[in-house]
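Asks: Would you mind keeping the following structure in view while I ask a few things?
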Amino acid sequence: MSKKRHLLRTLDRYILSEVSGAFFFGIAAFAVLLVAGDLLFDIADLIVEKGVSAWAVAKLFAYKLPEVIVMTLPMASLLACLLTFSRLSSQSEIVALRASGVAFQRILVPILIAGTLVSMVALAFNETLVPLSNKAADNILRFEVAKEKPTMLKEKVFLREESGGTLKRVVYIAKLRYNKGEMEDVLIQDFEKGILNRITNAKRGYWTKEGWVLRDGKVFEVKGGEKVQLLFSFDTQKMPVLFEPQKMVKVSRNPQEMSALELWEYIKLMKKQGSNLSPLWVLFHLKLALPWACVILALLGTTLGVRPHRSGHGTGLATSVFIVFLYYVLMSFFKSFGEAGHLSPLIAAWMPNLTFFAYAFRLALKANG
Numbered sequence: 001m002s003k004k005r006h007l008l009r010t011l012d013r014y015i016l017s018e019v020s021g022a023f024f025f026g027i028a029a030f031a032v033l034l035v036a037g038d039l040l041f042d043i044a045d046l047i048v049e050k051g052v053s054a055w056a057v058a059k060l061f062a063y064k065l066p067e068v069i070v071m072t073l074p075m076a077s078l079l080a081c082l083l084t085f086s087r088l089s090s091q092s093e094i095v096a097l098r099a100s101g102v103a104f105q106r107i108l109v110p111i112l113i114a115g116t117l118v119s120m121v122a123l124a125f126n127e128t129l130v131p132l133s134n135k136a137a138d139n140i141l142r143f144e145v146a147k148e149k150p151t152m153l154k155e156k157v158f159l160r161e162e163s164g165g166t167l168k169r170v171v172y173i174a175k176l177r178y179n180k181g182e183m184e185d186v187l188i189q190d191f192e193k194g195i196l197n198r199i200t201n202a203k204r205g206y207w208t209k210e211g212w213v214l215r216d217g218k219v220f221e222v223k224g225g226e227k228v229q230l231l232f233s234f235d236t237q238k239m240p241v242l243f244e245p246q247k248m249v250k251v252s253r254n255p256q257e258m259s260a261l262e263l264w265e266y267i268k269l270m271k272k273q274g275s276n277l278s279p280l281w282v283l284f285h286l287k288l289a290l291p292w293a294c295v296i297l298a299l300l301g302t303t304l305g306v307r308p309h310r311s312g313h314g315t316g317l318a319t320s321v322f323i324v325f326l327y328y329v330l331m332s333f334f335k336s337f338g339e340a341g342h343l344s345p346l347i348a349a350w351m352p353n354l355t356f357f358a359y360a361f362r363l364a365l366k367a368n369g
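Each step along the sequence shown adds one to the number in UniProt numbering, with nothing skipped, and position 240 is 240.
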């Protein structure tokens, strides 16, 4: 028994060593495809047409790279398993393992473990590094690249203020014209010891040297975190605690730039506004679902790789691109249905993963045949 266990551990190390090389090749290959298809054209336009400095372009490229790398992880997982197991199958190594009594489902164990780890890394990066790098890239585009022609209207501005790790205030502004210092549809939630205790809303506001002035608004008291009671209405009220217009643009976030945890809080705020939450819920679940495509596509690549066919790197890359294309088409399809309210956001976000997993699982069950 110990000898067999030792052989299986050796097999696991062998499979992982074979897959790892193809995995890093996949990251490089898909990163080049994504960069060449998107970033390089933008970079060339920035340098040639807009005269942006090479240093600003280099920073933009560096800040965009983490998102590109994370996007390549599911594709690289698929390609690595497809190429590795195609080679093992064509060289009859899979047949030899089956003949020695090793079931295909046992061969999958290191792939599933490695795929799960890659998915967890992708999820961690999406929650930490990617939002920060995207925000930094957006700041470069806004304040270094487009400073001659800045975007004068910022929509759905979302601000948080904390003190000692405790939430003090949340501000939502539907429209901010920061060049004029004007706001529309303002909602301010004040917290005491992390509990909501006051809500202020106003139809509009404008910036003065003394701070923000809100117009046509109401102030509500929240008791027990639930019961809301109108305190007073106002025509004009000073709000000096808010940032100046330019700083508000810099620190504001849009939902696409948020992590899943930040988006969760943003959704709770939008619920107070009576907004349509379906698109936000779909985006929230997608942020959780997409990283797990790594393990699912790794499983699919493995089961496709052991099927009778011969393919080189070129064919494997083309097959991987085609499968990833189908995955994102299916994701876009269900995403649209979820945002329109025809499907539950949870189902809309996870259905592509479930569909591809069901197909890969079916192939895995047949692989010993």
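We treat Cβ as the ideally placed atom computed from N, Cα and C, and that holds for glycine. Note that this is a predicted model, so its numbers are computed, not measured.
1. Starting from the Cα of K156, find the closest Cα among V186, D138, S163, A260 and give me that residue.
2. Can L299 and A360 be called in contact, C-beta distance under 8 angstroms?
3. Just confirm the distance between the C-beta atoms of L363 and L78, as a whole number of angstroms; I'd bet it's less than 8 angstroms.
4. So, is R13 buried or exposed, given that buried needs 16 or more other C-beta atoms within 10 angstroms?
5. Starting from R307, follow the alpha helix (DSSP H) in both directions and report where the run begins and ends.
6. Just to confirm before moving on: does the CB-CB distance between R169 and I188 stay below 8 angstroms?
7. Counting beta carbon pairs with one atom in the segment 118–134 and one in the segment 276–294, are three or more of them shorter than 8 angstroms?
8. Helix, strand or coil: how does DSSP classify A224 here?
9. To the nearest angstrom, how far is the alpha carbon of I27 from that of I113?
10. Does the beta-carbon of S100 have 16 or more other beta-carbons within 10 angstroms, so that it is buried, or is it exposed?
11. Smallest Cα separation from V35: which of E67, L16, F23, R5?
12. From A367 to W264, what does the alpha carbon distance come to, in whole angstroms?
13. State the DSSP-derived secondary structure class of K180, mapped to helix, strand or coil.
14. Which class does residue 379 belong to by DSSP, given the choice of helix, strand or coil?
15. Please return the same chain residues whose Cβ sits closer than 8 angstroms to the Cβ of V295, not counting the five positions on each side in sequence.
16. What does the alpha-carbon distance come out to for the pair P150 and G338?
17. Please state whether DSSP places T128 in a helix, a strand or coil.
18. To which residues of the same chain is G316 closer than 8 angstroms at the C-beta, ignoring the five residues directly before and after it?
19. Between which two residues does the beta strand (DSSP E) harbouring K203 extend?
20. Within 8 angstroms of any Cβ in chain B, is that where the Cβ of A54 sits?
21. Going by CA-CA distance only, name the one from M71, L11, K59 that's closest to V324.
22. Going by DSSP, what residue range makes up the alpha helix (DSSP H) through F357?
23. According to DSSP, D190 sits in a beta bridge with which residue or residues?
24. Report the rounded CA-to-CA distance for W281 versus L346, giving the unit in angstroms.
25. Checking 8 angstroms against the spacing of the C-beta atoms, do L16 and P110 come in under that value?
26. With DSSP as the reference, label L159 as helix, strand or coil.
27. Assign I94 to one of two classes, buried (16 or more other C-beta atoms within 10 Å of its C-beta) or exposed (fewer than that).
28. Please go through the same chain and pick out, in chain order, the residues whose beta-carbon is closer than 6 angstroms to the beta-carbon of L330, but skip the five residues on each side of it.
29. Given a threshold of 16 other Cβ atoms within 10 Å of its Cβ, counted over all protein chains shown, does I195 qualify as buried or as exposed?
30. Looking at the structure shown, is G101 part of a helix, part of a strand, or coil, going by DSSP?
31. Leaving aside the five residues before and after D216 along the sequence, list all residues of the same chain whose C-beta is less than 7 angstroms from its C-beta, in chain order.
32. For G217, name the three-state secondary structure that DSSP assigns.
33. Is DSSP giving S53 helix, strand or coil here?
Replies: Based on what the coordinates show:
1. Here residue 156 corresponds to residue number 156 of the sequence shown, with the count starting at 1. Of the candidates V186, D138, S163, A260, the one whose C-alpha sits nearest the C-alpha of K156 is V186.
2. In the sequence shown, residue 299 corresponds to position 299, counting from 1. In the sequence shown, residue 360 corresponds to position 360, counting from 1. The answer is yes: Cβ separation under 8 angstroms.
3. Position 363 of the sequence shown, counted from the first residue, corresponds to residue 363. Position 78 of the sequence shown, counted from the first residue, corresponds to residue 78. Incorrect: roughly 13 angstroms between the Cβ atoms, too far for contact.
4. Taking the sequence shown and counting its residues from 1, the one referred to as residue 13 is at position 13. Counting Cβ neighbours within 10 Å, R13 comes out exposed, since fewer than 16 surround it.
5. By one-based count along the sequence shown, residue 307 stands at place 307. From DSSP, R307 is part of no alpha helix (DSSP H); its letter is neither H nor E.
6. Residue 169 sits at position 169 when you count from the first residue of the sequence shown. Residue 188 sits at position 188 when you count from the first residue of the sequence shown. The answer is yes: Cβ separation under 8 angstroms.
7. yes
8. One-based indexing of the sequence shown puts residue 224 at position 224. Here the sequence assigns Gly to residue 224, which means Ala is not the residue at that position. Note: G224 maps to coil in three-state DSSP.
9. Counting from 1 along the sequence shown, the entry for residue 27 is found at position 27. Counting from 1 along the sequence shown, the entry for residue 113 is found at position 113. The straight-line gap from Cα to Cα measures roughly 19 angstroms.
10. Start at 1 with the first residue of the sequence shown, and residue 100 comes out as number 100. Per the 10 Å Cβ criterion, exposed.
11. Taking the first residue of the sequence shown as 1, we reach residue 35 at position 35. Looking at the Cα atoms, E67 is the closest of the given residues.
12. By one-based count along the sequence shown, residue 367 stands at place 367. By one-based count along the sequence shown, residue 264 stands at place 264. Their Cα atoms are separated by approximately 41 angstroms.
13. Looking up residue 180 in the sequence shown gives position 180. Coil.
14. Any question about residue 379 goes unanswered here, given that the chain covers just 1 to 369.
15. Residue mapping note: residue 295 aligns to position 295 of the sequence shown, counting from 1. The answer, listed in chain order, is S77, L112, G115, T116, V118, S119.
16. On the sequence shown, position 150 is the one that residue 150 refers to. On the sequence shown, position 338 is the one that residue 338 refers to. Residue confidence for P150 is low, a pLDDT of 46 falling below 50, so the modelled location carries little weight and cannot support an answer.
17. Start at 1 with the first residue of the sequence shown, and residue 128 comes out as number 128. In this structure, T128 counts as coil in the three-state DSSP scheme.
18. Position 316 of the sequence shown, counting from 1, holds the residue named residue 316. For G316, where only same-chain residues beyond five positions count, the Cβ hits under 8 angstroms are L79, L82, L83, S86.
19. Numbered from its first residue, the sequence shown carries residue 203 at position 203. That run of the beta strand (DSSP E) goes 195–208.
20. Checking the listed chains, one finds no chain B in this structure; it contains a single protein chain.
21. On the sequence shown, residue 324 is found 324 positions in, with the first residue counted as 1. Nearest C-alpha to V324: M71.
22. As a first step, residue 357 is located in the sequence shown; it is residue number 357 there, counting from the start. F357 -> alpha helix (DSSP H) spans 345–366.
23. As a first step, residue 190 is located in the sequence shown; it is residue number 190 there, counting from the start. In the DSSP output, where bridge partners are listed per residue, D190 has R169, R198.
24. Counted from its first residue, the sequence shown places residue 281 at position 281. Counted from its first residue, the sequence shown places residue 346 at position 346. Rounded to the nearest angstrom, the two C-alpha atoms are 8 angstroms apart.
25. Locating residue 16 in the sequence shown gives position 16, counting from the first residue. Locating residue 110 in the sequence shown gives position 110, counting from the first residue. Their beta carbons are under 8 angstroms apart, which means L16 touches P110 by this criterion.
26. For the purposes of this step, residue 159 is taken as residue 159 along the sequence shown, with counting starting at 1. Three-state DSSP puts L159 in a strand.
27. Sequence index remark: in the sequence shown, residue 94 carries index 94 (1-based). Buried, since its Cβ has 16 or more Cβ neighbours within 10 Å.
28. Translated into positions along the sequence shown, residue 330 becomes position 330. So the list reads P352, once near-sequence residues are dropped.
29. Here residue 195 corresponds to residue number 195 of the sequence shown, with the count starting at 1. With fewer than 16 Cβ atoms within 10 Å of its Cβ, I195 is classed as exposed.
30. Walking along the sequence shown from the start, residue 101 turns up at place 101. G101 falls in the coil class under three-state DSSP.
31. Mapped onto the sequence shown, residue 216 falls at position 216. Same-chain partners within the cutoff: A202, K203, R204, D235.
32. Residue 217 sits at position 217 when you count from the first residue of the sequence shown. Strand, per DSSP.
33. Position 53 of the sequence shown, counting from 1, holds the residue named residue 53. Here S53 sits in coil by DSSP.
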